[in-house]
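First residue of the sequence shown? That's 1 in the UniProt record's numbering, and the numbers climb one at a time after it.
Where is the CB? At the ideal position from N, CA and C, for every residue including glycine.
Computed from a prediction, not measured in an experiment: that's the story for all the values here.
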Amino acid sequence: MDLGLAENLKYMRAALDEAAKCEPIPTAFCVGCVLVTCFPSDADSPVVLSTGYSRELPGNTHAEANALQKARQLSREELEARFPPTAYPAYTLDELLRHTDVYTTLEPCSVRTSGLAPCADALIAAGVRRCFIGVGEPDDFVNCEAPRS
């Protein structure tokens with residue numbers, strides 16, 4: 001089920017809020033990401049599964065990778081707090097991700113100069129439903145092709 005324009009803008013603004021938490025550096029962009037899970041049977045109740053921003057976690061980390069990593073680190077109790085078993089079956093994280101939209105302020109990378117896995121590949125491997133991109137990545141650092149992934 002698709003969220004309306006107002007809801008989509010709300011989550012993109014939340015991604016911008018995440019980006020604002022990022023410490024600026026001259027060699028990288030400040031990016032924010034929000035993972036929003038919405039079940040077809042309950043489209044009126046989207047749930048923020050996880051958030052992330054550039055360099056939030058140790059290492060040369062990107063917003064999308066951080067949001068995915070934080071989602072993977074959620075305990076069963078934390079997942080059940082977001083998705084009560086009385087309202088939802090006991091979904092695994094992989095099942096939740098198939099109902100998850102990604103809101104990211106910058107095109108997910110398809111190339112990493114650091115040698116780390118590209119975010120576009122990680123999102124595809126995670127099986128997320130869709131990715132809403134604020135802006136495409138300029139060619140300042142790398143030439144990305146994520147929207148074609």
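Could you compute how far the alpha carbon of residue i sits from the alpha carbon of residue j?
| i | j | result |
| --- | --- | --- |
| aspartate 94 | proline 138 | 31 angstroms |
| valine 48 | cysteine 33 | 11 angstroms |
| leucine 96 | glycine 134 | 23 angstroms |
| glutamate 23 | threonine 92 | 33 angstroms |
| threonine 61 | isoleucine 25 | 13 angstroms |
| arginine 130 | threonine 100 | 7 angstroms |
| alanine 15 | threonine 113 | 24 angstroms |
Exposed or buried, which one is residue i when buried takes at least 16 other CB atoms within 10 Å?
| i | result |
| --- | --- |
| proline 85 | exposed |
| cysteine 2 | Cysteine is not the amino acid found at residue 2; the sequence shown has aspartate there. Burial call: exposed. |
| leucine 68 | buried |
| leucine 9 | exposed |
| serine 75 | exposed |
| alanine 122 | buried |
| glycine 52 | buried |
Which residue or residues does DSSP assign as beta-bridge partners of residue i?
| i | result |
| --- | --- |
| glycine 52 | Cys33 |
| alanine 65 | Bridge partners of alanine 65: none, in fact. |
| arginine 130 | Asp101 |
| alanine 28 | Ile25 |
| valine 135 | Leu106 |
| valine 47 | Thr37 |
Between residue i and residue j, which are expected to be in contact by the criterion C-beta below 8 angstroms, what is the C-beta distance as a whole number of angstroms?
| i | j | result |
| --- | --- | --- |
| alanine 19 | threonine 105 | 5 angstroms |
| cysteine 30 | glutamate 64 | Their Cβ separation, rounded to whole angstroms, is 13 angstroms, which puts cysteine 30 and glutamate 64 out of contact at 8 angstroms. |
| tyrosine 103 | phenylalanine 83 | Incorrect: roughly 19 angstroms between the Cβ atoms, too far for contact. |
| leucine 35 | alanine 71 | 6 angstroms |
| glycine 136 | glutamate 107 | 5 angstroms |
| asparagine 66 | leucine 79 | The Cβ separation is near 18 angstroms, so there is no contact. |
Start and end of the beta strand (DSSP E) containing residue i?
| i | result |
| --- | --- |
| aspartate 101 | 100-106 |
Note the first and the last residue of the continuous alpha helix (DSSP H) segment covering residue i.
| i | result |
| --- | --- |
| asparagine 8 | 5-20 |
| leucine 79 | 76-82 |
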